[in-house]
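Asks: In the numbering used here, the protein residues as written are 1 to 674. One structure is given below, represented as structure tokens, and several questions about it will come after.
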């Protein structure tokens, strides 16, 4: 019993001081009398709930799980069950004190549910089993009633708090009121089951050799690696068609049921469709999609020149395979989804006599381990005064693909909503792409750590989802630069000349610029689907119409409505919005240019490196630490001096390449457009 009480005290003291932090942060806005009253309230409720918890847990025998160091889910659910019976009485939704008191109550419960959800999601994604799926569904059936109970109250508070002079209460309730809740438990179960079915298909689908049906490959790492390195036209076609058939075709009927269910639920929450809900994340009341359209239009002149140059070179390599004035077959661009083209760099290198360093070969020759790749990334972050990874990061992350179980290999980072518990999930391979991915995912973790240290739980998220995706990519741009490659000893700095730089800019454009039309249509397509603007009898053809119109690409073989090629991309069956990646590829160049300016960089942007510049990192950290405490436009302005997404930074970065490639296409007689 003594041990149990000590553990409970240790745990609930943490919760108490989280709530107390809220009071301290908001304290300057309240007079002493109100502060004393609130402190008394917190102290009283702390002692009351603790005594009740000890009695309950002593009877049931619940305890913290010290075997694997994870949270005890049953314990947290029990604590929440107690606190749910002590919701503060509200008699005036316009009263700031009552709004804060209720928020403290809500936050304590919500944080525990966040911890549980994060752990169950992690367990499922790193070990896909029926048992782990059922645990997620069971927990959603526990959590959803809490949301049903509290969301209407949040919306009532928001009606009054939007006029409050208290900035934090106004912002917190405004953001919280955007939430949705599933009204029917049957929909909770069905939605979870459909989502899990699609996850399972994506994670376990295989493509088998035509000559040996027993030799089969999953997407990661085999099929992805094949698309990266293979140059044989027919071999690439086999992999592309096999994956899209095995994954996309099977997902199609499930996805339609899933979207219909989500649409029903979102409309029950007062939205017209899912698109409206997704757009809300960006806090732009009007013109959001017009902004996306304009950003793409800004980039298209550069993209079309790159497309023309790539098509001309591929036509020469694969004669009589496709129309040299039309779209490019999607399987020839070094990526399963033709979203990034840099793995075909050797075919389009402006100056082959000045090849770029082969980072993959260097890593392998130096016998760099997977662990050392993560240390290399951590070294860059700490060199600019950002945080080291936590002990839990190193002990709990999934760094390699498991051999003994099915797991979702799509790279991701997780904030477990538990002190210092941050993780990444990457089926890491020793290559340049994965080195970049490691920096990207650890960038998420740096963001988590920065705002977790400085913000109350209600502000512990990115300024918007594009910010989160752009952080690690920004660091990745510095890491890839020739300047930093020389610092790492990967190349001799004496080889960096105009020709080497042009080769590097081409490599970056194939990764960054080629990505933008793909990222743009991922949600343009889904928005149209959500709004019933796509006839389900044309589900696949509309996808390829968009890929042709905006990206100049076509399927390498004839496709039909038996196929569902967008479903072969992870973010479609997983229902992850993709506009964040489109905007992140704009935003990272704004971040990059701003950090170079802060560091007083005098070189061209593509040669800028901020390694070991702690003063630059400190400015970056200030932006990260703000979390979601202010509108993203204000947070962006503190670093860049700009308060909107702007394309000029990416255009400035690639201006030398744009000038060169326009002249080269004219010289070679490569037509522009498709």
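Ideal Cβ placement from N, Cα and C applies to all residues, glycine included.
Spell out a yes or no on whether the stretch 145-153 and the stretch 169-181 are touching, meaning 3 or more CB-CB pairs, one atom from each, closer than 8 Å.
Replies: yes
Asks: Okay, do the stretch 342-361 and the stretch 247-266 touch, 3+ Cβ pairs below 8 Å being the bar?
Replies: no
Asks: I think residue 407 touches residue 126, with their Cβ atoms under 8 Å apart; what is that distance to the nearest whole Å?
Replies: 5 Å
Asks: Is the beta carbon of residue 571 closer than 8 Å to that of residue 522?
Replies: yes
Asks: State yes or no: is the C-beta of residue 186 within less than 8 Å of the C-beta of residue 417?
Replies: no
Asks: Look at residue 174 and residue 162 and say whether their C-beta atoms are less than 8 Å apart.
Replies: yes
Asks: For residue 458, which of helix, strand or coil comes out of DSSP?
Replies: helix
Asks: So, helix, strand or coil for residue 329, using DSSP?
Replies: strand
Asks: If distances are taken between C-alpha atoms only, which option among 671, 355 and 336 comes closest to residue 229?
Replies: 336
Asks: Only counting runs of 4 or more residues, tell me where the alpha helix (DSSP H) segments fall wholly within the stretch 152-232, in order along the chain.
Replies: 167-176, 185-204 and 224-229
Asks: Hey, which unbroken runs of the alpha helix (DSSP H) at 4 residues or more fall wholly within the stretch 592-668?
Replies: 614-625, 632-640, 648-653 and 655-668
Asks: What is the DSSP secondary structure of residue 508, counted as helix, strand or coil?
Replies: helix
Asks: Identify, in the order they occur along the chain, each residue of the same chain with its Cβ nearer than 8 Å to the Cβ of residue 638, setting aside the five sequence neighbours on each side.
Replies: 622, 623 and 626
Asks: Taking a contact to mean a Cβ-Cβ separation below 8 Å, would you say residue 338 touches residue 670 in this structure?
Replies: No, the Cβ-Cβ distance between residue 338 and residue 670 is not below 8 Å.
Asks: Taking only three categories from DSSP, how would you classify residue 401?
Replies: coil
Asks: In chain order, what residues of the same chain have a beta carbon less than 6 Å from the beta carbon of residue 14, not counting five sequence neighbours either side?
Replies: Low confidence applies to residue 14: its pLDDT is 39, below 50, so where it sits in the model is not reliable, and the reading given next is rough at best. Its chain contains no residue whose beta carbon lies nearer than 6 Å to that of residue 14 once the 5 sequence neighbours on both sides are disregarded.
Asks: In whole angstroms, what separates the C-alpha of residue 481 from that of residue 238?
Replies: 35 Å
Asks: I'd like to check one pair, residue 330 with residue 554: are the Cβ atoms closer than 8 Å?
Replies: Contact flag set, yes.
Asks: How long is the line joining the alpha carbons of residue 176 and residue 167, rounded to whole angstroms?
Replies: 14 Å
Asks: Which residue marks the beginning of the beta strand (DSSP E) containing residue 425, and which one marks its end?
Replies: 422-425
Asks: If you draw a straight line from the alpha carbon of residue 557 to that of residue 340, how long is it in whole angstroms?
Replies: 20 Å
Asks: Just mark residue 427 as buried or exposed, buried being the case when its beta carbon has 16 or more other beta carbons within 10 Å.
Replies: By the C-beta density criterion, residue 427 is buried, having at least 16 other C-beta atoms within 10 angstroms.
Asks: Helix, strand or coil for residue 417, going by three-state DSSP, please let me know.
Replies: coil
Asks: Give the secondary structure of residue 383 by DSSP, where H, G and I count as helix, E and B as strand, and everything else as coil.
Replies: helix
Asks: Would you call residue 666 buried or exposed, if buried means 16 or more other Cβ atoms sit within 10 Å of its Cβ?
Replies: exposed
Asks: Mind checking residue 369: buried by the 16 CB within 10 Å criterion, or exposed?
Replies: exposed
Asks: Decide if residue 203 is buried, meaning its Cβ has at least 16 other Cβ atoms within 10 Å, or exposed.
Replies: By the neighbour-count definition (other C-beta atoms within 10 Å, threshold 16), residue 203 is a buried residue.
Asks: Where residue 196 and residue 133 are concerned, what is the direct C-alpha to C-alpha distance, given to the nearest angstrom?
Replies: 7 Å
Asks: Roughly how many whole angstroms lie between the Cα atoms of residue 491 and residue 503?
Replies: 14 Å
Asks: Closest to residue 484 by CA distance: which of 138, 610 and 652 is it?
Replies: 610
Asks: Taking C-alpha atoms, which residue in 431, 657, 263 and 464 lies nearest to residue 447?
Replies: Just measuring C-alpha positions, the residue of 431, 657, 263 and 464 sitting nearest residue 447 is 464.
Asks: Write down every uninterrupted run of the beta strand (DSSP E) in the stretch 259-343 whose length is 3 residues or greater and which is fully enclosed by it, in chain order.
Replies: none
Asks: Buried or exposed: which applies to residue 444, given that a residue is buried once 16 or more other Cβ atoms fall within 10 Å of its Cβ?
Replies: buried
Asks: Buried or exposed: residue 450, going by 16 or more other Cβ atoms within 10 Å of its Cβ?
Replies: buried
Asks: Check residue 554 in the structure and name its three-state DSSP category.
Replies: strand
Asks: Measuring only the C-alpha atoms, how far is residue 664 from residue 120?
Replies: As the crow flies, the alpha-carbon of residue 664 is around 54 Å from that of residue 120.
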